[in-house]
Structure formats: structure tokens, C-alpha cells
Amino acid sequence: MGGVVTRRIVGSLGAIFGATVLAFVILRALPGNPARLIVGPLATPQALASVSHQIGLDKSIFEQYWLFISHFFQGDWGYSYADGESVSALIGERLPATIELAIFSFAITMLFAVAFALLVTYRRRPIADRILRAVSYLGFGTPPFFVALLLLIVFFRSFHVLPGPEGRLGLQSTPPPTVTHMYTLDALIAGKLGTFWSAIEHLILPGVALGLSSFSFIVRLLRANLLEISREPFITVARGKGLRRWTAFRRHALPNAFLPTLTAGGLVLGEFLAGSVLIERVFNWPGIGSLVFDAIVKQDYAVVQTFILLSAVMFVLVNLIVDLLYAVIDPRVRIPSVATA
Amino acid sequence: MGSGPLIIGAGEAPTLRPQGPVEPPGASSSRRAMRATRALLADRRIAVPFGVIVALVLFAAFVPLVWNQGPDKQDLLHSLQSPSWSHPMGTDQLGRDMFARVATGARISLIVATLVTLAGALLGGLIGLLAGTIGGVSDGIVMRAMDAILAFPPLILAMAVTVGLGIGLNTAAIGVALVSVPWYARLLRSEALRIRSLPFIEASYAIGMKRSRVIARHVIPHMLPVLFIQMAAAFGYAVLGLASLSFVGLGAQVPTPEWGALITEGLSYSLTGQWWISIFPGVGLLITVTAASMLSDRMRDLLDPRGEYARL
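Next comes the structure, spelled out in C-alpha cells:
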């Protein structure tokens with residue numbers, strides 16, 4: 111087990127290294143003045159010179175890379191000239207909102223994907239299967255920001271059943287006392303059920319918009335794997351020794367069919383951070399996504415650059431966690447002789 | 032068994048059978064290509080998405096030529112009008128005709144996405160082919176570089192490239208193309224490795240063909256089906272990626288009527304009742320991407336040699 115885990119961790123470190131090199135090449139080594147990129151077109155010459163010196167443009171390329179990386183991992187992400195605050199403070203402020211949305215969206219995505227995949231595979235209903243196929247094609251082909259817009263037009267403007275783009279809480283609610291920075295959890299801790307419901311209501315539309323295309327992807331994957339596994343001989347054996355169909359399905363087919371879904375789940379969770387750029391603006395969600403959206407408009411690239419590196423690192427880390435979970439779930443991964451065969 | 036190997040006992044060794052489809056005797060690659068094309072055209076489930084894409088191309092090609100209003104012509108007296116006979120998709124906040132703008136946007140999306148797909152396929156395909164046929168150290172280095180690209184969420188990497196090279200539709204296109212390269216490279220590398228292990232390649236070497244000729248005459252033609260499937264899927268992603276970058280402001284700039292940029296423009300009007308500015312470009316995106324992914328899926332069913340439905 112130890113060998114596999116070490117190999118995965120080393121692999122992930124390698125991926126992070128590769129990603130930082132790539133980010134460095136793209137953001138720093140290409141033609142154009144990176145300092146100008148960071149301070150923006152309206153900055154004073156002093157600001158430009160100070161940033162040039164700070165990021166070490168006068169040094170060798172290796173020293174520059176080292177500075178780029180050490181600053182990043184020390185949390186020294188530069189200064190946002192548009193907002194007059196350090197980038198780390200800005201991102202720290204906005205991160206909880208994005209994480210809360212990503213986790214909520216991930217939870218409903220996986221829940222619905224598993225439920226629907228089971229629905230169409232457990233009893234083979236051709237009509238349900240066809241509807242699911244159509245939904246997953248459309249969900250896959252629709253840009254998330256357009257889904258967001260459609261949801262708002264239908265559920266907010268036409269039927270008034272869910273709140274509009276007003277951020278994380280309704281205007282009447284005040285944020286609960288801060289414990290975890292997640293409004294839903296904080297409201298529960300403080301015992302304010304009204305605020306809790308308001309927070310949930312505000313999460314539904316952005317959560318669905320963020321998750322729809324991933325739902326389409328995962329439900330198709332899981333459906334295909336479930337169909338494949340349920341044809342395997344060991345399912346027949348499980349049924350043959352007298353297990354009920356549901357028990358055979360739940361205990362034997364689902365765990366085996368779930369492994370590729372787990373990998374996909376890791377990718378999806380990592381991508382939700384990137385997807386937040388497309389969604390948050392539509393809902394005025396005060397997370398990192400809308401911060402980056404505004405930063406692009408204001409040409410405030412210190413924020414954009416940090417976001418790019420940060421999400422690459424988080425993407426790799428989430429995938430590492432999934433790999434390690436694999437070893438917990440699938441005994442074959444734990445036995446090195448099988449894993450390497 | 033007519034054209035099988037004339038080695039005694041070969042029939043008793045099933046493990047030696049090639050893993051891909053058995054080559055039909057005497058089928059030249061051009062005949063095979065014709066057969067594949069005919070079967071694709073006869074398939075109803077391909078005809079629908081293919082027809083949709085043809086219709087989109089016609090729409091993009093001819094509507095801007097024949098429609099009586101230009102995409103940039105402002106008419107402030109008739110701003111924010113709902114769809115009518117003279118403006119089938121309404122007008123925007125500056126009175127520009129949305130029908131003309133959506134049609135021009137279709138042109139931009141289809142042309143740029145096609146170029147992106149071709150560039151990605153060419154570069155990624157070449158990398159995959161070289162890594163798969165030459166192998167060795169260069170294979171290792173190139174594939175690690177591909178892994179570094181895959182360590183980014185795709186949209187983020189495209190954003191990075193666009194920011195690094197300077198904002199605009201051209202750099203956004205480069206970003207989206209770059210993101211697609213490792214997918215081609217990985218796929219075609221494994222295809223090349225698979226094909227290389229087939230017995231008829233060995234036979235080609237045995238009769239004295241040079242490596243370059245084997246690659247050109249046998250390996251590349253056998254890679255094409257998988258490449259085309261991937262390109263159809265990548266086309267959808269390219270349309271989506273370009274629209275996403277334009278939506279966040281990194282792609283096409285005002286006043287270019289790119290679909291993603293049009294959706295951003297209409298965003299604030301959608302919730303005050305002027306839904307048509309954002310809805311029509313969004314529907315255009317939805318139709319294009321869905322058609323591309325259906326096309327790719329069905330092609331995979333029919334053409335992918337590793338798929339269970341491979342019939343050709």
C-alpha cells in the first residue's frame with residue numbers, strides 16, 4: 111500500500127511542478143511585459159517599476175521561476191491595483207462562497223447522477239433511458255452560463271419560485287455569525303432556520319447550473335458501467351446464491367461500477383472551481399469566479415494569474431485525493447503486484 | 032481461412048489473432064474509405080446531427096449575404112424590440128438586428144472552431160503519431176509535457192494562454208486549440224501503438240517496406256477513423272470554449288457579435304424581460320454543440336475499431 115501511495119504523491123508533485131512551469135512559461139516568458147500585465151494599462155511608471163523589480167524581471171530565467179513559485183506558495187500573490195487590496199486578502203474573502211457553492215453543486219450532481227443511473231439500469235425502462243439520453247446530450251451541449259440564464263428566466267422571472275441573482279442570501283436575512291464561513295452551516299449552528307433556508311434557496315439555481323453538464327457526463331458514464339457490470343458472471347453468481355436483485359445490485363454491481371465515476375468525480379470537483387467563473391457572474395455570487403470576471407474587465411491580472419495557478423494546484427490535489435480514495439475502495443490497487451501488472 | 036497464414040498450427044493459436052478488426056481481403060484504403068463514407072451517410076442517427084450542422088453552415092454562409100440589415104447597423108429608435116417580422120430575433124439595446132448578429136456570430140463560431148479543430152488535430156495528431164511510432168526518450172518527454180497540460184482544468188488553461196498572449200478572439204482560439212492537443216496526442220499515440228502491433232504491419236516490414244512508407248501507407252490510414260471521431264467531439268468543445276472565453280471577456284471583444292459575447296451583452300436585459308438578446312445566441316450554441324457531440328458518439332459506435340459495435 112505504501113508504495114502505491116508514495117508513487118501517487120510523487121506523481122502529483124510532478125504534475126504540480128509541470129503545471130507551474132507551464133503557467134510560468136505562459137504568463138511570464140511570452141513576449142509582452144508581465145509587469146505591465148499585472149499593474150494594468152493605467153498604472154503609474156513607479157508602480158510598473160516596483161512590480162518589475164518585485165517579480166525580478168531583471169534576473170535570470172531560473173531565478174525568475176524560483177521567485178514566481180516561492181511567492182506563490184508563500185501566499186504572496188501580489189497586490190490588486192484595481193481593488194487596493196492584496197490578492198491573498200481578496201481571494202481569502204471570496205473563497206468560502208465558491209467552496210460552498212462547489213460542494214453543494216457536487217453533492218446534488220452526484221446524488222442525482224447515481225439515482226438516475228440506477229433508475230434506468232435497475233429496471234430497464236427504454237422510455238426513461240431515452241429521456242435521460244436526451245437530457246444528458248442537451249446538458250452536455252449547453253454552456254453553463256446559458257443554463258444559468260434559462261433557469262433564472264424560468265424560476266425567478268416567470269414563476270417566482272426561487273430567488274434571483276442577489277448573491278448568497280435574501281435582502282431580509284443577515285449573514286449568520288461566522289464559524290465555518292459556509293452560510294448554510296453557520297446558520298444551522300446559530301439555530302437560524304430562516305437564514306438556513308434562504309441560503310439553501312440561493313444555492314439551488316447556481317448549483318444546478320454549475321452541475322448540469324457534469325451530471326450529464328457522470329450519469330452516462332455510470333449508466334454504461336452499470337450495464338456492463340450487471341452482465342458480468344459474478345452478478346449471475348450473486349443472484350444464483352439467492353440474493354435478491356436489489357441486494358446484488360447494491361452490494362456487487364454498484365461498488366464495482368462506481369470506480370470510474372469516482373475518478374470523474376474528482377475531475378468534476380476540480381472543474382467546478384473553473385466553472386465558477388462562468389456561473390457566479392450571472393447570479394452575482396460573491397465568490398472567486400466573479401472576482402476573476404471583474405478582474406478581467408478591469409485588466410487586473412494579478413488576480414487572474416493567481417486564480418489560474420491556484421486552480422491548477424487544487425485540481426491536481428483533488429485528483430490526488432481521488433487516487434488515494436481508490437486505494438481505500440479497491441483492494442486491487444493496494445496490492446502492488448496486481449497494481450503494477 | 033482462404034487468405035490466412037500458411038503456417039501449420041497457426042489456426043490453433045488463438046492468442047496470435049490481431050485485436051482489431053480482421054482486414055477484409057484485398058480492400059485498398061480508398062475502397063475502405065468509400066465503404067465507410069457510404070455506411071455513415073446511410074445511418075439515420077448520423078443523418079440528423081449531420082443535417083443540423085449542414086443547416087447551420089448554410090445559415091452562417093448565406094443569411095449575412097442576403098439579409099437586408101447589417102450586424103452593426105444601429106437604430107436607436109427601434110432598440111430592444113421583441114421579435115417581429117422585420118426583426119425575427121428582435122433588436123438589442125442599440126437597435127441592432129439580432130437576426131443579422133446571430134447569423135454573423137454563427138459564421139465566427141463555425142469558422143474559428145473549424146480552424147481550432149484542424150490546428151489541434153494536426154498538432155496533437157503529429158505528436159501522438161511520432162510518440163507512438165518512434166517511442167523512446169522523446170515519447171517520454173512529450174507525453175510528460177502533455178500531462179502538464181492536462182494538470183489544468185481546460186477552461187483555466189485556455190484563460191491562461193489568452194491572458195498571456197493578450198486578450199482577443201485569435202488568442203482565445205490558440206488557447207482552446209492548445210487545450211485540445213494532449214487529448215489527440217494521447218489517443219493517437221495509443222492508436223499508433225495498437226496498430227503497430229497488428230500482424231500486417233509486421234508483414235509489411237517483412238516484405239521490405241521502409242518505416243516511413245509503412246507509416247504513411249498503413250499506420251496513418253488506420254488512425255483516421257479514431258481521429259475523425261475525436262475531431263467531431265473537439266469541434267463541439269471548441270465552440271463551447273470560445274463562447275465561454277468570450278463570455279468572461281477574454282475572447283471576442285465588443286462589438287464583434289460572437290455568440291458568447293452576445294450572451295454577456297444581453298445578460299442584464301434578460302431579467303427585465305428582453306430575453307431575446309441572450310436566448311437566440313444561446314440556442315445557437317446549444318444546437319451546434321449538441322449536434323457535434325451526437326455526431327461524434329454515433330461515429331464512435333460505427334467506426335471505432337475498439338468499440339463493440341464496430342461494423343466497418
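In order, the protein sequences belong to chains X and U.
Per my numbering, the first sequence starts with residue 111, numbered consecutively.
Per my numbering, the second sequence starts with residue 32, numbered consecutively.
For each residue, glycine too, the CB sits at the ideal point set by N, CA and C.
Which residues in the same chain as X:R118 place their Cβ atom closer than 7 Å to its Cβ, once the five residues preceding and following it in sequence are excluded?
Exclusion of the five residues before and after X:R118 leaves L430, D433, L434 as the residues of its chain whose Cβ lies within less than 7 Å of its Cβ.
Helix, strand or coil for X:E210, going by three-state DSSP, please let me know.
The answer is helix: DSSP assigns X:E210 an H, G or I state.
For U:M65, is the classification buried or exposed, using 16 other Cβ atoms within 10 angstroms of its Cβ as the cut-off for buried?
Under this definition U:M65 is an exposed residue.
What residues of chain X sit near U:D123, judged by a beta carbon separation below 8 Å?
Here the premise fails: no neighbours, minimum Cβ distance about 15 Å.
Which partner residues does X:Y189 have in the DSSP bridge list?
The partner list for X:Y189 (beta bridge, DSSP) reads X:S196.
Apply the 10 Å Cβ neighbour rule to U:P56 and answer buried if 16 or more other Cβ atoms are within range, or exposed otherwise.
Low local confidence applies: a pLDDT of 46 at U:P56 is under 50, so the model's placement there is unreliable, with the coordinate-based value given in what follows. Exposed, because fewer than 16 other Cβ atoms sit within 10 Å of the Cβ of U:P56.
Given U:R220 as reference, the closest of U:G167, U:G195, U:F266, U:M190 once Cα atoms are compared:
Residue U:G167 is the option with its Cα nearest to U:R220.
Note down, in chain order, all residues in the segment 171-191 of chain U with a beta-carbon under 9 Å from any beta-carbon belonging to chain X.
Flagged, chain order: R175, A176, D178, A179, I180, L181, A182, F183, P184, P185, L186, I187, L188, M190, A191.
Can you grab the Cα-Cα spacing for the pair X:F393 / X:P316, in whole Å?
Each residue's alpha carbon lies about 7 Å from the other.
Write down the C-beta distance between U:G126 and U:L107 rounded to the nearest angstrom, noting that I regard them as a contact closer than 8 Å.
Contact check for U:G126 and U:L107: beta-carbon distance about 5 Å, within the 8 Å limit, so the pair qualifies.
List the residues of chain U that X:F256 touches, going by C-beta distances under 8 Å, in chain order.
Result: I294, S309, G313, L316, L317.
Compare the C-beta of X:E381 against all C-beta atoms of chain U and say whether one is closer than 7 Å.
True, the Cβ-Cβ gap to chain U drops below 7 Å.
Closer than 7 Å to chain X by CB, U:A274
At least one chain X Cβ lies under 7 Å of U:A274.
Taking only beta carbons into account, state which residues of the segment 194-214 of chain U come closer than 7 Å to chain X, listed in chain order.
Within the segment 194-214 of chain U, the residues whose Cβ lies closer than 7 Å to some Cβ of chain X are V194, G195, L196, G197, listed in chain order.
Presumed contact (8 Å Cβ cut-off) between U:G155 and U:A216, rounded CB distance
Between U:G155 and U:A216, the beta carbon gap of about 5 Å places them in contact (Cβ cut-off 8 Å).
Uninterrupted alpha helix (DSSP H) stretches inside the segment 134-187 of chain X (no shorter than 4 residues):
For the segment 134-187 of chain X, whole alpha helix (DSSP H) runs of length 4 or above, ordered along the chain, are 144-149, 155-164, 171-183.
Cβ-Cβ separation, X:L388 to X:P254 (assumed contact under 8 Å), whole Å:
About 5 Å separates the two Cβ atoms, so the contact holds.
Per-residue contacts from U:T321 into chain X (C-beta, under 7 Å):
Listed along chain X, the residues sitting closer than 7 Å to U:T321 by beta-carbon distance are Y247, L248, G251.
Ignoring anything shorter than 4 residues or poking outside the segment 297-366 of chain X, list the alpha helix (DSSP H) runs there in chain order.
As far as the segment 297-366 of chain X is concerned, its whole alpha helix (DSSP H) runs of at least 4 residues are 303-340, 343-350, 355-358.
I'd like to know whether the C-beta of X:G352 is nearer than 7 Å to at least one C-beta of chain U.
With respect to chain U, the C-beta atom of X:G352 has no partner C-beta closer than 7 Å.
Taking 7 Å as the limit between beta carbons, can you name the residues of its chain near X:P286, skipping five residues before and five after?
The beta carbon of X:P286 lies closer than 7 Å to those of Y293, D296, A297, A300, K302, T305 in the same chain, with the five residues before and after it left out.
Considering only C-alpha positions, which residue in the set X:G202, X:I241, X:V329, X:E210 is nearest to X:I314?
Of all alpha-carbon atoms in X:G202, X:I241, X:V329, X:E210, the one lying nearest the alpha-carbon of X:I314 is that of X:E210.
Are any of the Cβ atoms in chain X nearer than 7 Å to that of U:F81?
Taking a beta-carbon distance threshold of 7 Å, U:F81 does not count as an interface residue toward chain X.
Looking at the unbroken alpha helix (DSSP H) that takes in U:R75, where does it start and where does it end?
Taken as a continuous stretch (DSSP letters only), the alpha helix (DSSP H) holding U:R75 covers 75-97.
Hey, is U:V88's beta-carbon within less than 7 Å of any beta-carbon in chain X?
Not flagged as an interface residue toward chain X: U:V88, since no C-beta distance is shorter than 7 Å.
Within this structure, are the beta carbons of U:V147 and U:P185 separated by less than 7 Å?
No, the Cβ-Cβ distance between U:V147 and U:P185 is not below 7 Å.
Alpha-carbon spacing of U:A137 relative to U:A91, whole angstroms:
U:A137 and U:A91: Cα-Cα distance of roughly 5 Å.
Look at U:L281 and U:I198 and say whether their C-beta atoms are less than 7 Å apart.
Taking 7 Å as the Cβ cut-off, U:L281 and U:I198 qualify as a contacting pair.
Cα-Cα separation between X:Q164 and X:Q156, rounded to whole angstroms:
A straight-line Cα-Cα distance of about 12 Å links X:Q164 and X:Q156.
Quick one, are the C-beta atoms of U:A322 and U:P80 less than 7 Å apart?
Yes, the Cβ-Cβ distance between U:A322 and U:P80 is below 7 Å.
Going by alpha carbons, who is nearest to X:F359 out of X:I345, X:V257, X:F250?
For the residues X:I345, X:V257, X:F250, the minimum Cα distance to X:F359 belongs to X:I345.
Buried or exposed for X:H270, please, with buried defined as at least 16 other CB atoms from any protein chain shown within 10 angstroms of its CB.
In summary, X:H270 is exposed, with fewer than 16 beta-carbon neighbours lying within 10 Å of its beta-carbon over all protein chains present.
For a contact meaning CB atoms closer than 7 Å, what does U:W306 contact in chain X?
Listed along chain X are I263, each with a C-beta nearer than 7 Å to that of U:W306.
Taking X:H315 as the query, report the chain U residues whose CB atoms sit under 7 Å from its CB, ordered along the chain.
According to the sequence as given, residue 315 of chain X is Leu; it is not His. Neighbours of X:L315 on chain U: none; closest Cβ ~12 Å, over 7 Å.
Would you list, in chain order, the members of the segment 391-413 of chain X that have their beta-carbon closer than 7 Å to a beta-carbon of chain U?
Per Cβ criterion, the list reads V392, F403, I406, V407, Y411.
Minimum C-alpha distance to U:N99 - residue among U:I232, U:F130, U:L160, U:G151:
Cα-wise, what sits closest to U:N99 is U:F130.
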